[in-house]
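S.K.: Position one of the sequence shown corresponds to residue 19 (my numbering), numbered consecutively onward. My questions all concern the structure below.
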Amino acid sequence: MSRHWRKVLLDCGADVTTAAEVLTSSSMRIVLVVDKENRLLGTITDGDIRRALMAGSAMSSLATSVMQKNPIAVNQGDSRRKALQIMREKDLLHLPVLDAKGVVVGLETVRDLLFKEQRPNPVLLMAGGFGKRLYPLTREVPKPLLPVGEKPILQTILEQLAEGGFSQFFLAVHYRSEQVRAHFGDGSKWGVRIEYLEERQPLGTAGALSLLDQTMIDAPLLMMNGDLLTRLDFGQLVDYHSEHGGLATMCVREYDFQIPYGVVHGDGDQVTDIIEKPVQKFFVNAGIYILEPELLGQCRPDEAIDMPDLLRQVVNDGRKVSMFPIHEYWLDIGRMEEYERAQVEGS
């Protein structure tokens, strides 16, 4: 996906002159006309403007008068393969990416899809847990190798990251690690390089960082639990981290909790308000992080520590930890009901 798609957004109140200026200043050869909420209304190319001028339109006309209405687009979370297939079938050079409300959240281009950007960021996938809540499925098979659809969970994660341009992987392993090693090998089957971090005892969700050779990490590290399924654009996450300048970025999800009773507010012995079954909203940890290399040195060798504790230390030291809200599909396969849900949604 193009990093610079926001530069081609054009307010629906702009004129054709402004649209032409956006086309000239951008290398993407398209303008996306949007309303005040950034919902896509249409697209404009150089050819659209030329045809309109030949038909008698003026440069002072509204851009909406020359745009192509009802343009073809893809949904957020659709695969690169699907986008490229649509482009080939429809002979398109660009495809707007829309969320469920029709808001523009990106722009796919043929160039980006055919020549995918290579990301220098190493990836650490946590694959050493016992998966006790999924017993007896995990009696003989480690949780990351449990199948969802036709593939193990961890393979789906790795393939998604590889498709996004990531090629250097570290797998933190412990429980039945020989099975994980046998399945993934050195990663050459997927066109990536895989190294293994063997935990002699469970080190928590952050302790495996101490097993990394810090001299090999010269770019922000993407760290992720090995039992998550998501349609997050990991490249966008890395870019967000770079733009916001934190020592770390934590992905978060909005979590709603409804209190099953009427909540009473009072002042002394006087009732001031009654709210029936209110819904409270929180941000919760989504198990995906970006970490600056300097943060890796804060973990002592072979000492167990969880990621929330590590990031709390950073915050207490006055350093910045950014939040990246995830609104894309996300599923933590920690319990049997979530594994069963993944089978339905992944089929």
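Even glycine gets a Cβ: it sits at the ideal position worked out from N, Cα and C.
Please specify which runs of the beta strand (DSSP E), each continuous and at least 3 residues long, are wholly inside the stretch 22-59, giving them in chain order.
M.R.: For the stretch 22-59, whole beta strand (DSSP E) runs of length 3 or above, ordered along the chain, are 27-29, 49-52.
S.K.: Just checking my contact of Ala37 with Ala81 at CB under 8 Å: how many whole Å lie between their CB atoms?
M.R.: On the sequence shown, residue 37 is found 19 positions in, with the first residue counted as 1. On the sequence shown, residue 81 is found 63 positions in, with the first residue counted as 1. Ala37 to Ala81, Cβ: 4 Å. Contact.
S.K.: Would the beta-carbon of Met46 fall within 8 Å of that of Ile62?
M.R.: Here residue 46 is taken as the residue at index 28 of the sequence shown, counted from 1. Here residue 62 is taken as the residue at index 44 of the sequence shown, counted from 1. Against a cut-off of 8 Å, the Cβ pair of Ile62 and Met46 comes out as no contact.
S.K.: Do the stretch 335-355 and the stretch 268-284 make contact, defined as three or more Cβ pairs closer than 8 Å?
M.R.: Flag = yes, the stretch 335-355 and the stretch 268-284 touch.
S.K.: Just the C-alpha distance for Gln197 and Asp204, rounded to the nearest angstrom, thanks.
M.R.: Taking the first residue of the sequence shown as 1, we reach residue 197 at position 179. Taking the first residue of the sequence shown as 1, we reach residue 204 at position 186. Roughly 13 Å between the two C-alpha positions.
S.K.: Note the first and the last residue of the continuous alpha helix (DSSP H) segment covering Pro4.
M.R.: Given that the chain is displayed from residue 19 to residue 365, the structure contains no residue 4 and the question cannot be resolved.
S.K.: Using 8 Å as the threshold, is the C-beta distance between Leu116 and Val141 below it?
M.R.: Walking along the sequence shown from the start, residue 116 turns up at place 98. Walking along the sequence shown from the start, residue 141 turns up at place 123. No, Cβ-Cβ distance for Leu116 and Val141 is not below 8 Å.
S.K.: Which one or two residues does DSSP pair with Val123 in a beta bridge?
M.R.: As a first step, residue 123 must be located in the sequence shown, where it is residue number 105. Paired residue(s): none; Val123 is not in a bridge.
S.K.: Buried or exposed: where does Asp66 fall if 16 or more other Cβ atoms within 10 Å of its Cβ makes it buried?
M.R.: Counting from one through the sequence shown, the residue named residue 66 turns up at place 48. Per the 10 Å Cβ criterion, buried.
S.K.: Roughly how many angstroms separate the alpha carbons of Gly253 and Phe188, rounded to a whole number?
M.R.: Reading the sequence shown from its first residue, position 235 is the one you call residue 253. Reading the sequence shown from its first residue, position 170 is the one you call residue 188. Cα to Cα, Gly253 sits roughly 18 Å from Phe188.
S.K.: Indicate the three-state DSSP secondary structure (helix, strand or coil) for Met241 in the structure shown.
M.R.: Taking the first residue of the sequence shown as position 1, residue 241 is located at position 223. It is a strand residue.
S.K.: Let's test the definition: count the other Cβ atoms within 10 Å of the Cβ of Gln94 and tell me whether it reaches 16, buried, or not, exposed.
M.R.: If you number the sequence shown from 1, residue 94 lands on position 76. So Gln94 counts as buried.
S.K.: Step through the CB atoms of chain B and report whether any lies within less than 8 Å of the CB of Glu261.
M.R.: The question asks about chain B, but that chain is absent: this structure has only one protein chain.
S.K.: Which whole-angstrom value is the C-beta distance of Gln316 and Gln298, which I expect to be below 8 Å?
M.R.: Counting from 1 along the sequence shown, the entry for residue 316 is found at position 298. Counting from 1 along the sequence shown, the entry for residue 298 is found at position 280. The pair is not a contact, with the Cβ atoms about 33 Å apart (cut-off 8 Å).
S.K.: Report the three-state DSSP secondary structure of Gly284 (helix, strand or coil).
M.R.: What you label residue 284 is simply residue 266 of the sequence shown in a count that begins at 1. Of the three classes helix, strand and coil, the one that applies to Gly284 here is strand, per DSSP.
S.K.: Count the CB pairs spanning the stretch 136-156 and the stretch 219-231 that are closer than 8 Å, and state whether there are at least three.
M.R.: They touch, by the three-pair rule.
S.K.: Do Ile171 and Ile351 have their CB atoms nearer than 8 Å?
M.R.: In the sequence shown, residue 171 corresponds to position 153, counting from 1. In the sequence shown, residue 351 corresponds to position 333, counting from 1. In this structure, Ile351 lies closer than 8 Å to Ile171 by Cβ.
S.K.: With Ala197 as the anchor, note down where its alpha helix (DSSP H) starts and where it stops.
M.R.: Your numbering for residue 197 matches position 179 in the sequence shown. According to the sequence displayed, residue 197 carries Gln and not Ala. Segment 195-202, the alpha helix (DSSP H) holding Gln197.
S.K.: Would you call the stretch 301-308 and the stretch 257-271 touching, i.e. three or more CB-CB distances under 8 Å?
M.R.: The stretch 301-308 is in contact with the stretch 257-271.
S.K.: Out of Tyr214, Glu216, Arg194, Gln186, which one is the CA nearest neighbour of Trp208?
M.R.: Counted from its first residue, the sequence shown places residue 208 at position 190. Here the closest residue by C-alpha is Gln186.
S.K.: Give the secondary structure of Pro278 by DSSP, where H, G and I count as helix, E and B as strand, and everything else as coil.
M.R.: Along the sequence shown, read from residue 1 onward, the residue named residue 278 stands at position 260. Pro278: coil per DSSP, three-state reduction.
S.K.: Just to confirm before moving on: does the CB-CB distance between Arg98 and Glu181 stay below 8 Å?
M.R.: For the purposes of this step, residue 98 is identified with residue 80 of the sequence shown, where counting begins at 1. For the purposes of this step, residue 181 is identified with residue 163 of the sequence shown, where counting begins at 1. For Arg98 and Glu181, yes; Cβs fall inside 8 Å.
S.K.: Using CA atoms only, rank isn't needed, just tell me which of Asp320, Asn334, Pro319 is closest to Pro326.
M.R.: Looking up residue 326 in the sequence shown gives position 308. The shortest Cα separation from Pro326 among Asp320, Asn334, Pro319 belongs to Asn334.
S.K.: With which residues is Cys317 paired in a DSSP beta bridge?
M.R.: By 1-based counting over the sequence shown, the position of residue 317 is 299. Its beta-bridge partners do not exist; DSSP assigns none.
S.K.: How many Å lie between Leu349 and Ala70 at the Cα?
M.R.: Against the sequence shown, residue 349 aligns to sequence position 331. Against the sequence shown, residue 70 aligns to sequence position 52. Their backbone Cα atoms lie some 48 Å apart in a straight line.
S.K.: Ignore the nearest five residues each way along the sequence and tell me which others in Pro296's own chain have a CB closer than 8 Å to its CB.
M.R.: In the sequence shown, the residue the question calls residue 296 occupies position 278. Same-chain partners within the cutoff: Gln276, Ile277, Val281.
S.K.: On the three-state DSSP scale, how would you describe Thr233?
M.R.: As a first step, residue 233 is located in the sequence shown; it is residue number 215 there, counting from the start. In this structure, Thr233 counts as helix in the three-state DSSP scheme.
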